[in-house]
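J.: Take a look at the following structure, please.
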Amino acid sequence: MSTPAPSQDTLAWQDLDRRHYLHPFTDSRALHARGARIITRAEGVYLWDSDGARILDGMAGLWCVNVGYGRRELADAASAQMLELPFYNSFFKTATPPTLALAALLAEVTPAHLNHVFFTSSGSEANDTVVRLVRHYWQVQGQPQRKVIISRWLAYHGSTMAGASLGGMRYMHEQGDLPIPGIEHIEPPYWFEQGGELDPEAFGLLAARRLEERILAIGADRVAAFIGEPIQGAGGVIVPPASYWPEIERICRKYGILLVSDEVICGFGRLGRWFGCEHFGYTPDLMVIAKGLSSGYLPIGGVMVSDEVSRVLIERGGEFNHGYTYSGHPTCCAVAERNVRILRDERIVERVHDDTGPYLQARLAELADHPLVGEVRGVGFMAALELVRDKARRQRFTPVGEVGTVCRDFCFEQGLIMRAVGDTMIIAPALVMSRGEIDELLTLARRCLDLTLAAVNGHA
Ligand code: PXG
């Protein structure tokens with residue numbers, strides 16, 4: 002398909018982009034050669050670019066626009082709060098009404114034992130807060146030697162020093178002497194890559210027991226917490242077998258280690274339950290939230306804290322020497338509160354659970370017959386397609402990443418946003434996507450897979 006020449010407006014934006022803007026996670030030189038795509042507006046599950054092309058957003062922005070684009074109530078909530086009280090802090094024995102209203106609403110929609118929240122502006126900051134809070138907690142408990150936090154390879158917990166250290170992306174660690182001390186990683190429950198001949202449930206138990214092995218190697222009295230995403234998102238939608246999380250929880254309880262669920266992607270309905278831990282059946286001590294909390298309309302994140310942990314911190318913790326200017330930002334909280342009420346009152350999470358989630362997964366499963374697709378997996382509104390050279394042997398292309406990029410570029414050109422993690426294609430649409438829009442997504446996805454296959458064969 003030939004792409005029409007960019008408009009004068011587009012060329013002008015691209016020029017400014019080259020001259021002044023450093024993008025996150027981007028090879029600037031490669032971007033400059035091609036020119037950035039300028040996104041100018043959005044409605045529902047669609048985006049438009051500066052040349053007027055319509056794009057179906059299969060990624061909900063960046064896994065975050067849960068209620069879809071264009072919700073006037075959220076703009077109105079921001080506008081009203083900005084006129085009333087745009088900002089005040091929570092530092093010096095003060096609080097604001099929207100901060101407290103959101104804290105109370107979160108206590109209602111999160112699991113029963115999570116009734117306190119510490120607010121941040123992002124998921125990365127929230128994970129920095131986790132490190133500070135967990136170590137402070139163990140100090141207060143008289144066990145200051147409990148400092149080590151165990152995470153997993155291919156985890157994504159953000160891009161700050163602590164977030165990237167908790168994360169298990171080696172290419173991030175390489176650019177800055179990470180991880181910081183006291184953070185260790187075990188292998189993820191990635192059956193497609195590592196399961197070999199084992200059936201998934203047996204592999205799930207094996208993967209979980211790596212946590213116990215690592216705890217024993219470090220010394221149980223030195224381990225503070227285990228952190229994990231219910232489904233690893235940016236690592237490639239790694240869906241653990243059902244056996245995995247209950248075993249992880251059993252091990253954490255056995256050694257008295259805090260269990261942290263990073264729900265930045267899985268929270269607020271993505272898996273058809275309010276939180277991913279509810280889908281997998283475990284009970285975290287701390288829960289990290291961001292993204293879907295405000296559907297991305299304004300930046301906000303937080304850490305939900307269990308009754309047990311908050312009791313210790315409140316009664317015996319003294320001053321917690323940690324916080325951000327924007328912790329509990331009233332305008333962000335007002336928008337997030339309205340967003341959570343939309344999710345609840347319009348029964349959007351229930352719809353994903355009962356209707357559109359199973360429909361999306363069933364339609365995606367049809368792609369398993371495609372010659373390139375080695376596995377289709379997912380839960381609710383989160384899914385992955387593994388592009389492979391050999392389906393039967395689950396064998397990837399080499400080098401990994403080229404075919405995924407080809408496919409991603411065809412999607413872009415055809416008006417569909419799918420993300421590529423190596424050769425794993427990712428889908429995570431807004432939770433309001435209708436059956437008709439899911440059908441459109443599937444038509445586009447199959448067309449892009451066909452184009453990719455033709456390109457791969459052309460090169461063979
Ligand atoms: N935890 C998880 C599980 C995440 O997915 C963060 C923390 C960090 O949140 P902030 O708000 O600081 O970005 C994330 C973010 C990708 C991609 O390419 C994923 C994220 C961010 C940027 C890109 O898949 N997830």
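If you read the sequence shown in the numbering used here, its first letter stands for residue 2, the second for the next number, and so on.
Just so it is clear, CB atoms sit at the ideal spot from N, CA and C, and this is done for glycine as well.
Using the rule of at least 16 other Cβ atoms within 10 Å of the residue's Cβ for burial, across every protein chain shown, is His-21 buried or exposed?
T.: exposed
J.: Would the C-beta of Asn-128 count as close to the ligand PXG, meaning under 7 Å from any of its heavy atoms?
T.: yes
J.: Tell me the DSSP bridge mates of His-117?
T.: Val-306
J.: Spell out the partners DSSP gives Leu-388 in its beta bridges.
T.: Val-374
J.: Roughly how many angstroms separate the alpha carbons of Glu-347 and Asn-340, rounded to a whole number?
T.: 11 Å
J.: CA-CA distance, Glu-441 and Pro-247?
T.: 37 Å
J.: Am I right that Gly-1 and Phe-276 are in contact with their C-beta atoms under 8 Å? What's the rounded C-beta distance?
T.: There is no way to answer for residue 1, as the model of the chain reaches only from 2 to 461.
J.: Quick check: the region 53-73 against the region 312-321, are at least 3 beta-carbon pairs closer than 8 Å?
T.: no
J.: Report the residue from Ser-295, Val-289, Leu-294 whose alpha carbon sits nearest the alpha carbon of Val-306.
T.: Val-289
J.: With hydrogens ignored, establish whether the beta-carbon of Trp-64 is closer than 7 Å to any heavy atom of the ligand PXG.
T.: Yes, the beta carbon of Trp-64 sits closer than 7 Å to at least one heavy atom of the ligand PXG.
J.: Return the residue from the list Gly-164, Glu-387, Val-141 that minimises the CA-CA distance to Ile-151.
T.: Here the closest residue by C-alpha is Gly-164.
J.: Identify the continuous alpha helix (DSSP H) that holds Gln-42 and give its terminal residues.
T.: According to the sequence as given, residue 42 is Arg; it is not Gln. Taken as a continuous stretch (DSSP letters only), Arg-42 belongs to no alpha helix (DSSP H), being part of the beta strand (DSSP E) at 40-44.
J.: Rounded C-beta distance between Arg-312 and Val-141? I'm assuming under 8 Å.
T.: So it is not a contact: roughly 11 Å between Cβ atoms.
J.: I'd like the ranges of any beta strand (DSSP E) spanning at least 3 consecutive residues and lying wholly in the region 158-207.
T.: 184-187
J.: From the DSSP secondary-structure annotation, give me the bridge partner or partners of Trp-49.
T.: Arg-42, Arg-55
J.: May I ask you to report which of helix, strand or coil DSSP gives Ala-461?
T.: In this prediction, Ala-461 has a pLDDT of 46, which is less than 50 and means its spatial position is unreliable; what the coordinates show is noted afterwards. Looking at Ala-461 - three-state DSSP - the assignment turns out to be coil, as it is neither helix nor strand.
J.: Could you tell me whether the region 109-124 touches the region 351-363, using the rule of 3 or more Cβ pairs below 8 Å?
T.: No: the two stretches stay apart, fewer than three of their Cβ pairs being nearer than 8 Å.
J.: Report yes if the CB atom of Val-261 is closer than 8 Å to the CB atom of Asp-286, and no otherwise.
T.: yes
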